[in-house]
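K.L.:
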Amino acid sequence: MMNLSMSPISKSQWNATTARHLLNRAGFGGTSAQVDALVAMGPDGAVDYLLNYDSLPEETISDTQFDRDIRRPLNDEERSMVQQARKSNDENALAQIQKLKNERDGLDRKQAQEVQKWWLRRMIETGRPFEEKMTLFWHGHFATGYRTIEDSYHMFQQNQLFRKHATGNFSQLVMRILRDPAMLKYLDNDESRKGRPNENLARELMELFVLGEGNAYTENDIKEGARALTGYTFEDDAFKFKADQHDGETKTILGQKGEWDGDDFARIILSRKESSEFLCRKFYRFFVNDGPGMPDAKVAAVTKALAEELRKKQYEMKPVLRMLFRSQHFYDTANMGSTIKSPVQLTVQTIRELGVPPRDLSTLNSATDLMGQSLFMPPNVKGWECGQTWINTSTFFVRQNLAVYLITGKRPDAFDWDESLAHWNTSALEAAIAARTSGDASKEADALMDIALAINASTTRREQFKKYVQTLNGPLKGERLVAALCLVTAMPEYQLC
């Protein structure tokens, strides 16, 4: 029977298995040495180490890291030239203007690819994995996509917003997202004005971001919320409130009447307890168990306890996440290996856990796209469905080939990926295996599976793998280790986290 207790896990229950589970879910996995370090900290110390990442060094991010002016608005002189060319039907001038636009489009698409690589590299190299894991969570929760926004700097800017507020106050993050140029453009609120309100942002704020679909609101609440958000737009890279486009008249939202603006609208819906319950269900599915129908009625007590803590702490998220990651329920065996690795999780965890070189970042981004998760390009405003939707015959084939590519650097026959000649020093993994076997080669197969898999492989697969390792005629080192690892990563259990 599943343990539903939110009481903290005891020190006697804390071991390499529970520490690895925490590192997988609150980050992107880690080496055996990193797992051992968490074991030594104890459960409270390990959770605090990951969550209190502000005390750890980070790579400085500059606002000038990427060009913010590729998509800058036309200045007065340029607008005048365009108007004059159109008025006079000057085909040469219009062709030149279109050529310049096409060049900017191309430059921005290239920069979007660079922003993708930059974020993937951060996830691979960061010493603050929970910060990046939460940034990824928010990217899926407040989903926007480059194909609609067509401004790489706005996507970078939004990514920075998610990182800044990753574990802070949810209410403040909601207020900031209402001022985010990428979100305002993605949901057409930049075109919403008094007399012609656009309902997209108001609808998604209620359905997908705060309350949950069909949760305690009506179509009229959406219409009134849209009126409250009129005039919320942006210029260049910054939010701008246009008072002359805002509907300042009386509105009724969730039964409350007043001359509400967008901030008032957000405060009203955040005051409903459904908002805390909705967010905590999202946390549960992302961090605990993404099985079909989860979180279900059996674990309702868990999500309600988290929601109660969230309300009690006035939407400060870190105390709630600390409560979750310390709980006995989080470490229940039914929740270990219960989550299917997202394409990004699979890619980053393989690198961080095994210590393999990252190979080529462009190739990795192409691979995650083939597996169904392209950074900055979620399929729609609902984000990625996750869970079993990650796996089908096509994506499973890519997943297996990606693992082999990362381990060997060799280009699979089926994909036009760049080969990588970077050498993988297997000594750290060899040492981790040796530490688990005390020099007994007959135990090496079990040790490697224990290191690489979140749950035990089936009895049949374990026995088959042991027999294979015996045919290698030597300890699991160098090329023998590489060959064995290619088989382990092909197991279905390797897809679980």
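Adding 17 to a residue's 1-based position in the sequence shown gives its number in the numbering used here. C-beta atoms are modelled at their ideal positions from N, C-alpha and C, and glycine is treated no differently.
1. Please report the straight-line C-alpha distance between I87 and D61, rounded to a whole angstrom.
2. Within the segment 191–228, note down every full alpha helix (DSSP H) run reaching 4 residues or more, in order along the chain.
3. So D122 and S169 are in contact, right, with Cβ under 8 angstroms, and what is the actual spacing, rounded?
4. Quick check on the DSSP output: the alpha helix (DSSP H) that includes G495 runs from which residue to which?
5. With S344 and M23 assumed to form a contact (beta carbons below 8 angstroms), what rounded beta-carbon distance in angstroms separates them?
6. Looking at the unbroken beta strand (DSSP E) that takes in A317, where does it start and where does it end?
7. Confirm, please, whether the CB-CB distance from T385 to S379 is below 9 angstroms.
8. Between which two residues does the beta strand (DSSP E) holding F577 run?
9. Give a yes or no on whether the C-beta atoms belonging to C403 and G46 are separated by under 9 angstroms.
10. Would you kindly report the start and end of the unbroken beta strand (DSSP E) that includes T250?
11. Is it right to say Q405 is buried, meaning 16 or more other beta carbons lie within 10 angstroms of its own, or is it exposed?
12. Distance, Cα to Cα, K127 vs G275?
13. Are the Cβ atoms of L201 and L190 separated by less than 9 angstroms?
14. Specify whether the segment 352–370 and the segment 138–151 touch according to this definition: at least 3 beta carbon pairs, one from each stretch, less than 8 angstroms apart.
15. In chain order, which continuous runs of the alpha helix (DSSP H) of length 4 or greater are located wholly inside the segment 333–361?
16. Taking just the CA atoms, how far does V64 sit from T35?
17. Below 6 angstroms CB to CB, which residues in the same chain sit around V398 once its five sequence neighbours on both sides are set aside?
18. Using 10 angstroms around the beta-carbon of H440, count the other beta-carbons present and answer buried if the total reaches 16, otherwise exposed.
19. What's the C-alpha gap between L578 and H263?
20. R376 to S437, Cα distance in whole Å?
P.N.:
With the given structure in hand:
1. 47 angstroms
2. 198–203, 217–221
3. Under the criterion of beta carbons closer than 8 angstroms, D122 and S169 do not qualify as touching, at roughly 11 angstroms.
4. 495–505
5. 5 angstroms
6. Counting along the chain, no beta strand (DSSP E) covers A317; the unbroken alpha helix (DSSP H) around it starts and ends at 317–329.
7. no
8. Outside the shown range of the chain, which is 18 to 514, sits residue 577, and nothing can be said about it.
9. no
10. 249–252
11. Here Q405 is exposed: its Cβ has fewer than 16 other Cβ atoms, across all protein chains shown, within 10 Å.
12. 47 angstroms
13. no
14. yes
15. Considered as a whole, the segment 333–361 harbours 334–343 as its complete alpha helix (DSSP H) runs of no fewer than 4 residues, in chain order.
16. 11 angstroms
17. Here V398 has A160, E221 as same chain residues with Cβ atoms under 6 angstroms from its own Cβ, once five neighbours each way along the sequence are excluded.
18. exposed
19. Because the chain spans 18 through 514 in this model, residue 578 falls outside it and cannot be assessed.
20. Straight-line Cα distance between these residues: approximately 6 angstroms.
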